[in-house]
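Participant: One structure coming up, written as structure tokens, with questions to follow.
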Amino acid sequence: MSLPVVVVGVSHKTAPVDVRERFAAGAEVLPEILARLTSRPELDEAMFLSTCNRVEVIALAKTGGAPDDAMRAASRAIREALREHVGASSVDEMGDWLYEKNGEEAVRHVFRVAASLDSMVLGEPQILGQVKDAYDAAVAAGALRSHLSRCVHRAFTVAKRVRSETQLGAGLVSISSVAVDLARRIFGDLRHSTVLLVGAGEMAEQAAKSLGKDAKAIRVCNRSFERAATLAASFGGTAAPLEQLEGELAISDVVLASTSSKSYVVQRDLVKRVMKQRKGKTLFFVDIAVPRNVEPEVHQLDNVYVYDVDDLEHEVAENMKARHNEISAAELIVDTELGEWSSWARGLNVSPTVVALRAKTRGVLVAELERSLASRLKHLGEGDRAALNQMIESATNKLLHSATTRLKQAASSNDGGELVRALQHLFDLPEGGQGEEGRTTEPPPAEPSEKRLPH
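Once you know that position 393 of the sequence shown is 395 in the working numbering, the rest is easy, because the numbers rise by one and skip nothing.
As structure tokens, this is what we get:
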């Protein structure tokens, strides 16, 4: 049995943007959400990932009984925490949108997400940075400590291999670049259009790179004018503070919105005033933020068009045709890494039993030796007593060497669990793996090829 990892969440495949934005969470509320998750007795570790196309909880179930029961309990706990987060009246209210993966399939999912194999835009590099940010937040909150942390580390390795060994992420690919392609498809030539970037974060920067020198003018409007000015200066654009948004909209043709605001930055009444100033000239919005930046009712105004991230799927499909040839190579990397990870994870079930068996065997031998030293052998000096204790250690090692070796070999196969249970039954060992000395002393097996990508 692999580790009881559980993933529950929503993505662009299961829920529209108006649902996903209810689940989304910014960095400022992550500590509260992680505290809510880790306070659940059913969860041992947890991580919360929130992007424009997915929100999911990745957790390690607290074991103690059957792994399947532990994962079911963990799933219920995660769903209840999500219900509290979105303010739903019941868990059932979210049921149509949520997906769930357990055990080895959950680990595969984490690997595929980090490698951008589950993204709307295959190969886009932003997701790895977002997973790293979620990992760092969970570590800082004390929500990741051991085995789940190793799992996410391994996902970084998978992503690095996919990036370096395949062409899945070749070229400039992101939601922002796809949004720009959509604008080009609708407007044709952007040389006569003024493009306004509302927001000056990573997605706006990607959009600016995609635009290159195509647009007649590129303007940046952001809450932080300093950040807007820095981004605008990098490609010869013009910056303005968010307070001047109305004036910026009045002179722009294409607006790409990507702020982290939790409320609508562009509202219907604002655009209605702007359209009077524009005398009805067409205004085109691409809203790639989640939660959305542009109020949906804006689309109802005459000569105003609003596209959100869900509307980009057709454009994504056109851009991704060349990348589909790389999917099989990337999936093979995931399969290989998952196989190694699963072998390591199964070894975790074996090591505590090996420790407990050694502790029990040594405990019996030491007890018999101490009984003899207190009676028939009480005349022996310190040197002889030390030699007998060394003999006990050697006898324990030799007696258990074959059983320990074969048990560890079996850990990489499905027979490992059966052998562990047989040993626990035959030698009356505790299921938790603690020996008579009260704690395990042998570390878990080292995970192969584990690396952490630099930030």
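Glycine included, C-beta positions come from ideal geometry on N, C-alpha and C.
Going by DSSP, what residue range makes up the alpha helix (DSSP H) through T40?
Facilitator: Element bounds for T40: L32 to T40.
Participant: Let's see if you can read the secondary structure: which residues bound the beta strand (DSSP E) around C223?
Facilitator: Taken as a continuous stretch (DSSP letters only), the beta strand (DSSP E) holding C223 covers A219 to N224.
Participant: Check whether the Cβ atoms of Q128 and Q246 lie closer than 9 Å to each other.
Facilitator: Cβ atoms of Q128 and Q246: not closer than 9 Å.
Participant: Measuring CB to CB, does P293 end up less than 9 Å from A358?
Facilitator: No.
Participant: Can you name, in chain order, every residue of its own chain whose Cβ lies under 7 Å from the Cβ of V160, other than the five neighbours on each side?
Facilitator: So the qualifying residues of the chain are F113, A116, A117, I335, V336 and E339.
Participant: Straight-line CA distance for K211 to F25?
Facilitator: Distance between the alpha carbons of K211 and F25: 30 Å.
Participant: Rounding to the nearest angstrom, what Cα-Cα distance links K281 and R81 in this structure?
Facilitator: Between K281 and R81, the C-alpha separation is close to 50 Å.
Participant: Pick from R56, D71 and S179: whose alpha carbon is nearest that of Q132?
Facilitator: Considering only alpha carbons, the answer is R56.
Participant: For H14, which residues from the same chain have a beta carbon less than 6 Å from its beta carbon, with the 5 sequence-adjacent residues on both sides left out?
Facilitator: Correct list, in chain order: N55 and M122.
Participant: Can you give the Cα-Cα distance for T363 and A136, rounded to whole angstroms?
Facilitator: If you take the alpha carbons of T363 and A136, they lie about 44 Å apart.
Participant: If I measure Cβ to Cβ from D271 and keep anything under 7 Å in the same chain, skipping five residues before and after, which residues do I get?
Facilitator: Closer than 7 Å at the Cβ level, and outside the excluded window around D271, lies no residue.
Participant: At the level of alpha carbons, what is the spacing between K400 and R373?
Facilitator: For K400 and R373, the distance between alpha carbons rounds to 23 Å.
Participant: Which residues share a DSSP beta bridge with V57?
Facilitator: Answer is V12 and S52, bridged to V57.
Participant: Taking three-plus beta-carbon pairs below 8 Å as touching, is the stretch 137 to 146 in contact with the stretch 80 to 96?
Facilitator: Output reads no: the stretch 80 to 96 does not touch the stretch 137 to 146.
Participant: Counting C-beta neighbours from all protein chains within 10 Å, is the total for V366 16 or more, i.e. buried, or is it exposed?
Facilitator: Counting Cβ neighbours within 10 Å, V366 comes out exposed, since fewer than 16 surround it.
Participant: Measure the C-alpha to C-alpha separation of E444 and K64 and round it to an integer number of angstroms.
Facilitator: With a pLDDT of 37 at E444, under the threshold of 50, the modelled position of this residue cannot be trusted, and the question is left open.
Participant: Using the Cβ count rule (16 or more neighbours within 10 Å means buried), how would you classify F429?
Facilitator: Result: exposed.
Participant: By a C-beta neighbour count over all protein chains shown, 10 Å radius and 16 as the cutoff for buried, is S77 buried or exposed?
Facilitator: Counting Cβ neighbours within 10 Å, S77 comes out buried, since at least 16 surround it.
Participant: What's the gap between the Cα of S166 and the Cα of L124?
Facilitator: Their backbone Cα atoms lie some 15 Å apart in a straight line.
Participant: Please classify R187 as buried or exposed, where buried requires at least 16 neighbouring CB atoms within 10 angstroms.
Facilitator: By the 10 Å Cβ count, R187 comes out exposed.
Participant: Please report how far the alpha carbon of L390 lies from the alpha carbon of H403, in whole angstroms.
Facilitator: The alpha-carbon atoms of L390 and H403 are separated by roughly 20 Å.
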